[in-house]
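Single-structure report; data block below.
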Amino acid sequence: MNDLAVEVKGLSVRFGDFYAVNGISFTVRRGETFGFLGANGAGKTTTIRVLCGLLRPSEGLVSVGGISFDHNEQAVKAKVGYMSQKFTLYNDMTVEENLNFTASLRKMEKATYEQRRKELFDFISFDKPLNTLVRDLSGGTKQQVSLAAALLHDPEIIFLDEPTAGVTPASRSRFWQLIRQLAKRNKTVFVTTHYMDEAEQCDRIALMREGRIIALDSPEGLKTAAFSTPMLEFDPRGSLSFAEVSAFARHDVFLFFEPYGLRFHAAIKSEDAWETVRNGFEKNFTIKRIKPSLEDVFIQIVEGKAG
Amino acid sequence: MNGFVWRRAVAVARKEVYHILRDPATLGAALVLPVFMVIMFGVAIEFNVKNVALAVSDSDQSQSSRRLLDTFGSSGYFLIHHVSSPHAGITDVSAERARAALVIPPRFEQDLFAGRGAEAQVLVDGTDNSTVGPVLGYVGSIQNMASQRIGGFDPSPPYEIRTRFLFNPELNSKWFVIPGLTVVVMSILSILLTALTVAREWENGSMELLLSTPVLPLEIIVGKLAPYGILGIIAVVFVYVIARTVFGIPFVGHLWVFGFGCLLFLITYLAQGLLISVATRKQTVAMQLSMMTGYLPSQLLSGFIFPIASMPAFFQYFTMILPARWFMLIARDTFLEGSSVLELAGPFLALALICGLMVFLAARRFKRDLEP
Amino acid sequence: MNKTLIGFIKKELVQTLRDRRMRVLLFVMPVIQLTLFGVALSNEVKNIRLAAVFDSKDTVLRNVYERSIAGKWFIPARSSEQDPFTMIEAGDADAVLVPPPGGFTRALGRGDAKLQLLVNATNVVQAQSIEAYLQNIVQQTVRDDLEYTPLPPPIRISTRVLFNPSLDTSVFMVPGVMCMLMLMSTMVLTNVAIVREKEMGTFEMLISAPVSRSEVIYGKTIPYVILGMSNVPLILGVAVFAFHVPMRGSLIALFIASFAFVCTAVALGTLISTYCKNQQQAALAGFLFNFPMIMFSGMMFPLENMPAVLRWLSFFDPLAHFMGLLRNIMIKGGQAEYVVTHIVYLTIIAVICVVASFRRFHTTLE
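If you read the protein sequences in the order shown, they are chains A, B and C. Numbering follows the numbering used here, in which position 196 of the first sequence is assigned residue number 196; successive positions increment by one, without gaps. Numbering follows the numbering used here, in which position 258 of the second sequence is assigned residue number 1258; successive positions increment by one, without gaps. Numbering follows the numbering used here, in which position 308 of the third sequence is assigned residue number 2308; successive positions increment by one, without gaps.
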C-alpha cells in the first residue's frame, strides 16, 4: 500500500491569465501533520480546494489517498474531510440538524452515524444540548462542531483551511490539542494557518508565496537552513529615535534587522564581522543569542526571495 | 460623542459606492431595469381593446349576412374566424380561441327582407370583465352601422354628445402608463436595495464593526443611503428622458415640482427600506417584506393601473398611507396636467407627512437598537 | 429515496420554516394579500366624480345627472369652481357635462342638441368608461323624457355575457392575484435559497461531500415545490369561499396545472440563481423577471391589445399560461384541449430551465 497520503506534481491552477498556483510539487506522508504557511493570496486555499476535489487543476498530477484524480473528484471527496475558512455550519439550524444534514450528504447509515457522532462529541468534549442553534454557540465551540462535521465520515485525510481564524487563544490551543490527537490516530492532517506558533506544531511546513512553494521542511530544518549564522535579540536600553534605529538596521553586518515587539531580531552575516562591531551595539542594547523563531525564518526566506 | 461629521458620512458613502461599483450586475440591473421596463411597456401596453377574436357561425350564408360580417371586419376591432356551428363558437370561447362568438341564424336575410327585423346574437366571454364593456359598445355601434348600410335605416338620435378628452386627447395608453412607471421603478430600486444592503451588513457582522468606530449611526445611515438615493435619481432621469424622447410624452408641469416630489418619495422609501432592514436584519425576510410593503402596493394599490376611486371605501382611506399613491398623483399631474404646487398642495403635504413619519420611525428604531 | 435528497429536503424545510417571520410570510401573508387585493382591486371604473352645468329649466340634463348619480358608477363632484375646465384642472371633477347655450332641453326641441362632455383623460381606462357610461345614460334619459321611441333597427344584435353574466370583478381579479402570489413565493424563494448558500460559503461545504449535481439541484428545488404546492389549497380556499369565485372545473386538473406552474417557477428561480453571486443580485433579478411576468400575464391588460410582435413574449411567460389555465379551469370548467396544451407549454419551459440549470451548475468551484 502506498505510504503517501497526498502526492502533487507540477500542479498549476489558472484563473484566466492569473496563476493562483504555479507548478508546485510536494508529497505528504500518511499520519503527517502538514502545515501550509503564506500570506493571503499566496495560493494556500486554492491548493487545498484542488486537493479536496472542489477545483480542477489546470495542469499537473494530483493524487489524494492513493487515488489520482482525473475528473474523478467524487472518489476524492469521499476520502477527505474539509473544513473551510468560514464556519460552514448553518447558523439557523441546530447542531443536530447540521450533523444530520452532513450525514445525509455522505449517505451514512443511521446507526454508523449515531455511533460516530457520539465518538466525535466525546472527542471534542461537546456537552451542550443537541438542539442548540449553531448561532448561539461561541466561536470556539462552533469551530469544534465544524471539525466534528468534517470528521463525521471518518476521512483518512483532513484538510483544515485556517481553522483557527478569529477564535480566542484558549480555543486555538484547545483546537491544536485535537489536531495532535488526530495525528496520533494516524490521520493525515493538512492545515493552513497564519499563526507561526501553530506552524511550529506541524511535522513539516510548506511556505507559499505568489503561487509557488519557496521552502518545505520541518520547522527545525527550516530554521537551520535559513540561518547558518546565529540569531541575536536586541533589547534597547533606552528609547531610540527612528533615525537611530534605521542607522542600526542598515549596518552591513546584518542579514536583516527587524522589529520584534519592542525588541529587534537580527541575523548576522558572520561571527568575525560581528565581533568587530559588537561593542558599539552593546551601548544601546542588551544583546542575547536566541534560536530563530519561524517568523524570523519566514521573513528571511521571503525577503531573500524578493530581493 | 460629538456631532454629525460629514466627512465620516462621506467615507461610509464611498465604501458603499465601491460595493455598488464592484458589483456590476447590481449596478447594471439597477440602471438597465428602468430603461428596459419603460421601453417594454411603452411599446407593449395598450388599454384600448382591439383585435377581439370573434368566432362566427353563419348559418344563413346570404349576401346580407356577409355584409354584416364585413361591417364587423371593417370596424377594426374584431379579428374574424369562421366556425361550423354556434356550438363550435362557444367551444372556441371556452378554449380561449375567441373572446366572443357571433351567431347568425339561418333566416337572417329572409327576416330582413320581410321587414320583420333580422336578429343575430353575440356571446361575450365574461371572464375578463374589463373587456366586456368595450366589446358591448362596439357591438352597439356595429348594429347601427349595419342597419344603416344594409337596411338603409338612419337611427341617428336627436342629439349628439361631443366628448373632449382633456390632457390626453387621443387616449394614448402610453401617456397614462409611463409617468406612472417612474413610481414603480423607484419603489423597486430604493426600498429593495436599501433594505438588502443594510441587512447584509448585519448578516456579515460588518455593521458591528462600523458601529465600533466613532462613526455615528446617523452618519452610517446617510452614508449608506445616499448612493442608493443617487441611483434612484439616475433611474428617474432615465425614465424621464426615454418618456420624452422615445415616446414623445408631453411634460407640461414644472420640472422642479416633479423633482421635489421624486425626492420626497425617494427619501420616504429609503427610510422604509432602512426600517425594514433594521427590524429584520436578515436579507431573505427583508426582501419579502420590502416586496410586500413597497413594491406590491406601489404597483397595485397606487392607482398605477387599478383606479383608487373604484376601491371599496376602506381602501380609499387605507391607500392614503401609501407614499406611492401620492407620488403617482404628482407624477401624472406634472407630466400631463401641469398643475401648480398650490393645486398639488394636498398630495405634497401627505407625502411630506409620511416621509417625516417614516424617517422618524427609522431613525428611532436605528437609534434604539444601536446606541448603548 | 436517496438519503442525500431526504436530508436536503429536511434541511431546507427546517431552515425556511424555523423562522417564525418566514412562516408568517409564507402562509399567512398570501391569504391576507389575496383578501386585500381581491377586495381592493377592480378593473371596473366606479365612483367617478361627475358635475353638470344646468339651470332649473333644463330638466332633461338634470334627469341625466340625477340618473347618473343614482347609478353605481358616478358620485357628485363638489367644487367651488364654476368654470367646467377649472373644475377638472383643479382635480375636483373627473367629468363635466356642458349643455349648449340655452340648455340641453331647449336645444333638443330645436333639433341641434350638442351636449359637451369634458373628461379628464389622464387615466385612459377611466376616460373610456366614462364616455361609454354617459352615452348610455343620455340615450335612456332622452328616450324617456321626450317619450321618443326610435324605430326598431332592421338589424338587431342581441348580446349575452357568458360565464360571468353579472360581470363580477373578483371572478377576474382573484385568480390573477392568486397566480401572482404563487409566483412570488416560489421563484424568488428558490433563487434566494440557492444564492444564500453561495454567499455564506456553506455551498463549498456542501460540494466538498461526494454529492452529484442532480442531488444538489433536486435537493434545493424539491422543498420549494413542496412549499409552493402547500400554498395552493390555502389560497384556493380563500378564492372560492371568501370571494365566491366559481370552481367549475376538476380539482385534479387545477392541481396538475398548479404543479406544472410551481415546478416551472422553481426551475426558473434555480436558473436565475446560477447567474447571481449575492442575495442583493438575486432579489434584483427576481424583480427584473417578476414585473414583466406580471405585466405580460394578462392580468393588467388584455394580451390581444399588444402589438403582434410582442405577443410572442407572453408565450415565454409561465405566469401567462398559468393565469390562463386557472381562469379556464375555475371559471369555464376547463376545456380539455386548452388545459392540456398550456400544461405542456409550462412543462416545456420547466424542462428548458432545468436543462439550462444543469449545464450551468457545477459541483466544483469556478
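Glycine included, C-beta positions come from ideal geometry on N, C-alpha and C.
Assigned secondary structure, residue 1172 of chain B (DSSP; H/G/I helix, E/B strand, else coil): coil
Supposed close pair residue 1276 of chain B, residue 1321 of chain B - CB separation, criterion 8 Å: That pair is no contact at about 16 Å.
Expected contact under 8 Å - CB spacing of residue 2234 of chain C and residue 2031 of chain C to nearest Å: 6 Å
Backbone CA spacing between residue 1107 of chain B and residue 1122 of chain B [nearest angstrom]: Straight-line Cα distance between these residues: approximately 17 Å.
Where residue 2077 of chain C sits in the DSSP three-state scheme: coil
Contact set between residue 1288 of chain B and chain C, taken where Cβ atoms lie within less than 7 Å: The contacting residues are 2025.
Three-way DSSP call (helix, strand, coil) for residue 260 of chain A in this model: strand
Euclidean distance between Cα positions of residue 1091 of chain B and residue 2335 of chain C: 8 Å
Stretch-stretch touch, CB-based, cutoff 8 Å, three pairs: the region 2147-2166 of chain C with the region 1110-1127 of chain B: yes
Member of C/2263, C/2236, C/2184 whose CA lies at the smallest distance from the CA of residue 2220 of chain C: C/2263
Whether residue 1235 of chain B touches residue 1024 of chain B by CB criterion (8 Å): Contact: no.
Inter-residue spacing [alpha-carbon to alpha-carbon] between residue 2301 of chain C and residue 1267 of chain B: Cα to Cα, the separation comes out at about 31 Å.
For residue 212 of chain A, the residue or residues it bridges with in DSSP: A/209
Collapsed DSSP secondary structure at residue 115 of chain A in the structure displayed: helix
Counterpart residues of residue 26 of chain A in DSSP-defined beta bridges: A/8
Counted within 10 angstroms of its Cβ, other Cβ atoms place residue 2063 of chain C as buried (16 or more) or exposed: Counting Cβ neighbours within 10 Å, residue 2063 of chain C comes out buried, since at least 16 surround it.
C-beta atoms of residue 203 of chain A and residue 33 of chain A nearer than 8 Å: yes
Contacting positions in the region 1124-1137 of chain B - beta carbon closer than 9 Å to chain D: Annotation note: the requested chain D is absent from the structure, which comprises protein chains A, B and C.
Contact set between the region 2154-2183 of chain C and chain B, restricted to residues whose Cβ is under 8 Å from the partner: Shown in chain order are the members of the region 2154-2183 of chain C whose Cβ falls below 8 Å from a Cβ of chain B: 2154, 2155, 2156, 2157, 2158, 2159, 2160, 2161, 2162, 2163, 2164, 2165, 2167, 2168, 2169, 2171, 2172.
Rounded straight-line distance, which links the Cα of residue 222 of chain A to that of residue 262 of chain A: 25 Å
Secondary structure, alpha helix (DSSP H): runs of 4+ residues fully inside the region 52-103 of chain A: Taking only runs of at least 4 residues, the alpha helix (DSSP H) segments lying wholly in the region 52-103 of chain A are 73-79.
contact_flag[the region 2222-2230 of chain C, the region 2305-2313 of chain C] where n(CB pairs < 8 Å) is 3 or more: no
Straight-line Cα distance separating residue 2200 of chain C from residue 1214 of chain B: 28 Å
Where the beta strand (DSSP E) containing residue 1121 of chain B begins and where it ends: 1118-1125
Near-chain C residues of the region 1021-1045 of chain B - C-beta to any C-beta below 9 Å: 1023, 1025, 1026, 1029, 1030, 1032, 1033, 1036, 1037, 1040, 1041, 1043, 1044, 1045
Backbone CA spacing between residue 268 of chain A and residue 31 of chain A [nearest angstrom]: 37 Å
Proximal chain C residues relative to residue 74 of chain A, where beta-carbon distance stays under 7 Å: 2210
Bridge partners - residue 233 of chain A, DSSP secondary structure assignment: A/265, A/288
Cβ-Cβ distance between residue 2188 of chain C and residue 2038 of chain C below 8 Å: no
Cβ contact (3+ pairs, closer than 8 Å) linking the region 1013-1032 of chain B and the region 1056-1070 of chain B: Of all C-beta pairs linking the region 1013-1032 of chain B to the region 1056-1070 of chain B, fewer than three are shorter than 8 Å, placing the two stretches out of contact.
Residue(s) in a DSSP beta bridge with residue 2116 of chain C: B/1162, C/2098
Where residue 1254 of chain B falls: helix, strand or coil (DSSP): coil
Rounded C-alpha distance that separates residue 238 of chain A from residue 282 of chain A: If you take the alpha carbons of residue 238 of chain A and residue 282 of chain A, they lie about 12 Å apart.
Range of the contiguous alpha helix (DSSP H) that encloses residue 1025 of chain B: DSSP places residue 1025 of chain B in the uninterrupted alpha helix (DSSP H) bounded by 1024-1044.
Rounded separation between residue 2295 of chain C and residue 1204 of chain B - CA only: 36 Å
Euclidean distance between Cα positions of residue 17 of chain A and residue 211 of chain A: 13 Å
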